[in-house]
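S.K.: Below is one structure. I have some questions about it.
In the working numbering, the protein residues as written are 1 to 269.
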C-alpha cells in the first residue's frame, strides 16, 4: 500500500529542529498541508521565516507539549485551519548525554515528559477523530537507542524504549480501524540536538551520524509506504534487531567502546 501525501493535513512537532525543518520541506514538496509546532519564541520565528521564504502551505503553532491545554490548542488550530488532521508526527524530543550517576533529576523528568508522555498525549488528542473517520496515521520518531541501551544515554534510551513499546502496543490495538502507527528509529543525526561531545565522538568514529535531509527523506518514505517500523542506518539497524535476540553480543561490542565513551560522557580532557 502507498499513502498519497498530496493535501494530507500533517501536524509536525519539533518542526524547528534540524530534522524538523528538512521534514517540513520534504512533506511540503509532496503537497502536504502542515501544522509546524515549535515551543519557544525563537523556534516560532524561525518557522515563520521558513514558511515565508519557502512558500509552504503551513501554519506555525507555538506550544509547550508538556502542557495539556497547549496540546489541545495545537490540535484545535489544525481543525480551524484545515478541518482536522490526517497524520501526526511526534518528532519533538530532548537529550541529555552524561553518565547516569551525574544526571540531573530535572533532566530525567523532562526526558520522560517530552519523549514519552507528550507523544502519548498527542496521540490521545487526535485518535478520536481519526477513529471516527476510519483513517489516519500516527508517526513516532524514536531512536536506535530505543532498542539498544547505550552508555551515556540511560535516560534518553529509557524514554525511547518506552516510545517504541507504546508504538507497538497502540498499533496492535488499532488493527482493523484504518488508523496506522509508524515507529521510525534513526541513529545519531548531524544536528544541534546532539551536544558537541557527541559530534566529537562521531569524528573519532565512536558512533555514526547521518545528515538530517537523509533522515527526513526516509521518514517520508516510511509514511508513504505505511511502514510499521523503520530502522535507519547500518550497522545500528542490525544491532537494534540483534540486541533483542542476543544482547550479550552487543554487550561485547559496547565494552570495547566504553573507555572512549566514558571520556566524552564525563567531560574528561
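Even for Gly, the Cβ is constructed at its ideal location relative to N, Cα and C.
The model shown is predicted, which means the values in this text are computed figures rather than measured ones.
On the criterion of 16 or more Cβ atoms from any shown chain inside 10 Å, does residue 234 qualify as buried, or is it exposed?
M.R.: The residue you call residue 234 lines up with position 234 of the chain shown. Burial call: exposed.
S.K.: What is the C-beta distance between residue 97 and residue 195, in whole angstroms, given that I count them as a contact (C-beta under 8 Å)?
M.R.: Walking along the chain shown from the start, residue 97 turns up at place 97. Walking along the chain shown from the start, residue 195 turns up at place 195. Indeed they touch by this definition, with Cβ atoms about 5 Å apart.
S.K.: Can you look up residue 41 in the DSSP assignment and give me helix, strand or coil?
M.R.: Counting from 1 along the chain shown, the entry for residue 41 is found at position 41. Residue state, collapsed to three classes: helix.
S.K.: Cutting at 6 Å between CB atoms, please list the residues of its own chain near residue 58, excluding the five before and the five after it.
M.R.: The residue you call residue 58 lines up with position 58 of the chain shown. Excluding residues within five positions, the ones whose Cβ falls inside 6 Å are 34, 36 and 51.
S.K.: So which of 65, 89 and 72 has the shortest CA-CA distance to residue 21?
M.R.: Here residue 21 is taken as the residue at index 21 of the chain shown, counted from 1. The candidate whose alpha carbon is nearest that of residue 21 is 89.
S.K.: Give the straight-line distance between the Cα atoms of residue 141 and residue 107, rounded to the nearest whole angstrom.
M.R.: As a position in the chain shown, residue 141 is number 141, starting the count at 1. As a position in the chain shown, residue 107 is number 107, starting the count at 1. Rounded to whole angstroms, residue 141 to residue 107 spans 20 Å at the Cα level.
S.K.: Ends of the alpha helix (DSSP H) at residue 148?
M.R.: In the chain shown, the residue the question calls residue 148 occupies position 148. Premise fails: residue 148 is in no alpha helix (DSSP H) and is neither H nor E.
S.K.: Secondary structure at residue 74, three-state DSSP: helix, strand or coil?
M.R.: Position 74 of the chain shown, counting from 1, holds the residue named residue 74. Note: residue 74 maps to helix in three-state DSSP.
S.K.: Below 8 Å, how does it come out for the segment 71-82 and the segment 108-128: are there three or more Cβ pairs, yes or no?
M.R.: Enough Cβ pairs lie closer than 8 Å, so yes.
S.K.: For residue 43, which of 219, 13 and 136 has the nearest alpha-carbon?
M.R.: Working through the chain shown from its first residue, we reach residue 43 at position 43. Cα-wise, what sits closest to residue 43 is 13.
S.K.: How far does the alpha helix (DSSP H) with residue 125 in it reach, from first residue to last?
M.R.: In the chain shown, counting from the first residue as 1, residue 125 sits at position 125. It spans 118-133 - the alpha helix (DSSP H) in which residue 125 sits, taken as one unbroken run.
S.K.: In angstroms with no decimal places, state the Cα-to-Cα distance between residue 61 and residue 69.
M.R.: Numbered from 1 along the chain shown, position 61 holds the residue referred to as residue 61. Numbered from 1 along the chain shown, position 69 holds the residue referred to as residue 69. Roughly 13 Å between the two C-alpha positions.
S.K.: If you run the structure through DSSP and keep just helix, strand and coil, what is residue 163?
M.R.: Residue 163 sits at position 163 when you count from the first residue of the chain shown. Looking at residue 163 - three-state DSSP - the assignment turns out to be helix.
S.K.: Within 10 angstroms of its Cβ, does residue 252 collect 16 or more other Cβ (buried), or is it exposed?
M.R.: The sequence position of residue 252 within the chain shown is 252, counting from 1. Per the 10 Å Cβ criterion, exposed.
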